[in-house]
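Peer 1:
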Amino acid sequence: MRAQQPVEMILLRQVASYLTIPIWMMDSDGNLVFYNEPAETLLGIQFDEVGPVHADQLGEMFRITRVNGEPMGEMEFPVLRTLAKRVPDHGEVRYCGMDGVWRDVAVSAIPVEGQGDRFMGVFATFWEIDV
Amino acid sequence: MRVKLWGTRGSIAVSGPDTIRYGGDTSAVELRCTGDRLLILDGGSGIRALDVGADTRRVDILLSHLHMDHVQGLPFFAPLLDPDVEVHVWGPASTTRTLRQRIARYLSPPLFPVRVRDLANVMFHDVTTGEFEIAGIRVTADLIAHPGATLGYRLSENSSTLAYMPDHEPSMGLPDLPSRPEWTSGYALAEGVDVLIHDAQYNDDEYASRVGWGHSSTSHLAAFADMTAPRKLVTFHHDPAHTDDDLDTLHEVLASKLKREMELEPGTPGLVVDV
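As you go down the protein sequences, you meet chains A and B in turn.
The first sequence begins at 19 in our numbering and counts up by one.
The second sequence begins at 6 in our numbering and counts up by one.
#1: Less than 8 Å between the C-beta atoms of G51/B and W95/B, yes or no?
#2: To be precise: take each residue of the stretch 62 to 82 of chain A, compare its Cβ to all Cβ atoms of chain B, and keep it if any distance is under 7 Å. Which residues remain?
#3: Using the three-state DSSP reduction, which class does F81/B fall into: helix, strand or coil?
#4: Kindly indicate which residue of R112/A, L76/A, G69/A has the alpha-carbon position closest to the one of E88/A.
#5: Does any residue of chain A have a CB that is nearer than 8 Å to the CB of W188/B?
#6: Quick one: what's got a C-beta closer than 6 Å to H72/A's C-beta in the same chain, skipping five residues either side?
#7: Applying a beta-carbon distance threshold of less than 9 Å, which residues of chain B neighbour R31/A?
#8: Within the 8 Å Cβ cut-off, does I28/A reach chain B?
#9: In or out: S69/B buried (at least 16 other Cβ within 10 Å) or exposed?
#10: Got a sec: is the Cβ-Cβ distance from I149/B to anything in chain A below 8 Å?
#11: Quick check: the Cα distance between L160/B and Q32/A, rounded to an integer number of angstroms?
#12: Got a sec? Which residues, its chain only, sit under 7 Å from G29/B by beta carbon, not counting five neighbours each side?
#13: When you compare the CB of R180/A with every CB in chain B, is at least one pair closer than 8 Å?
#14: Applying the criterion that 16 or more other CB atoms from any shown protein chain within 10 Å of the CB defines a buried residue, is A246/B buried or exposed?
#15: Counting only C-beta atoms, is A21/A closer than 8 Å to chain B at any point?
#16: What are the residues that DSSP puts in a beta bridge with M128/B?
#17: Is the separation between the beta-carbon of M43/A and that of Y36/A shorter than 8 Å?
#18: What do you reckon, are the CB atoms on C114/A and F65/A nearer than 8 Å?
#19: Cβ of A230/B less than 8 Å from any chain A Cβ?
#20: Assuming F137/A contacts I41/A (C-beta within less than 8 Å), just tell me the rounded distance between them.
#21: Are the CB atoms of Y158/B and L67/B nearer to each other than 8 Å?
#22: Return no unless some Cβ of chain B is closer than 8 Å to the Cβ of G134/A.
#23: Return the residue from the list F129/B, L269/B, T100/B, M73/B that minimises the CA-CA distance to D231/B.
#24: Would A21/A be called buried (16 or more neighbouring beta carbons within 10 Å of its own) or exposed?
#25: From which residue to which residue does the alpha helix (DSSP H) around D123/B run?
#26: Using a Cβ-Cβ cut-off of 6 Å (strictly less than) and excluding sequence neighbours within five positions of T248/B, which residues of its own chain qualify?
Here it is as structure tokens:
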């Protein structure tokens, strides 16, 4: 982990902590660095219990699939596509939260781009859907 | 490095018998380094009186941001109008405009009669973040929490380090200071420096009604300094409403809040600090 996040990420985290929509933030190295309280409800675990984790571990933690239950390739997950391609992305996934509950969610991911062509990470929101 | 403060007031220049000791001019700091090369931090009204010396042929000015109290003195700084002196101005671009274009909004009618294009000896350099070198000084720039694109600087020469954050609200992104360094604006710039020049604009009561204005409260400054552990803390950007007596009190309170041992020096015009 880096010694200090860019100020854009610091301020986004602050905004996210005030929002009532679930927000998930990943840094440019692929570390999940924050999610807010509404996201904690959907993921079934507080962020402070998880701590920063790398994208490689997310599949193991949340068992992510397509909404029809079929296995999902890593690059089908909108957050990881945005991380790789630095463009906004959207999609629907099914996952099992740390509380053992399977949920279907829509995910919208936005790249965090700053001055000087700096890519700092991904800011994503997700919400439950009926499939 | 030797630092001399020429302007320490924030927001707007003030004058009068109540602001003699802490000064009335806005941000300007002289930095002399090996070989007597001159760097200047910010171009507030304090830069007007800064004497660069008759033999100086190059001046570098690092702007933290473009709020008026940090650039208002630029067109009154003699070297800008001296064709024999090369002036390099470094500072933040916006997301759509270069530094030169942004400065031109001030240096053009109707706000000012002289245009940027008339200053043939002045060169502008966009800075976002990262490291570069000026006159043997290693400059690290990073965006810090203050409205609009605002840079803090860490300047290093040999083993000496100075951090300059004249306008900084570390609690803007982190209400529960002190907290984790990873999520603290400005931490990496200020960590372990010899001298930290930092925003000290508000007392705690004032801050309560000025959240988000981009400045520090006394408690936030104490917490930030305790986290970053400078050898010396120099207060800066004094509120224009604060009298000398008010600022004496603010510094007494600040000293009482610091938990870590460090030198505390009130920023006053003419103060010289060897880094």
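Glycine residues also receive a C-beta, built at the ideal position from the N, C-alpha and C atoms.
Peer 2: In this structure, then:
#1: no
#2: none
#3: helix
#4: R112/A
#5: yes
#6: For H72/A, where only same-chain residues beyond five positions count, the Cβ hits under 6 Å are G48, N49.
#7: G178, L179, W188
#8: yes
#9: Classification for S69/B: buried.
#10: By this cut-off, I149/B is an interface position.
#11: 29 Å
#12: R14, A18, V19, S20
#13: Within the shown structure, residues of chain A are numbered from 19 to 149, placing residue 180/A beyond reach of any answer.
#14: exposed
#15: yes
#16: When DSSP reads this structure, M128/B sits in a beta bridge with H93/B.
#17: no
#18: no
#19: No - not a single Cβ of chain A is within 8 Å of the one on A230/B.
#20: Not confirmed; about 18 Å, so no contact.
#21: yes
#22: yes
#23: L269/B
#24: exposed
#25: Per DSSP, D123/B belongs to no alpha helix (DSSP H) and is neither H nor E.
#26: Correct list, in chain order: D23.
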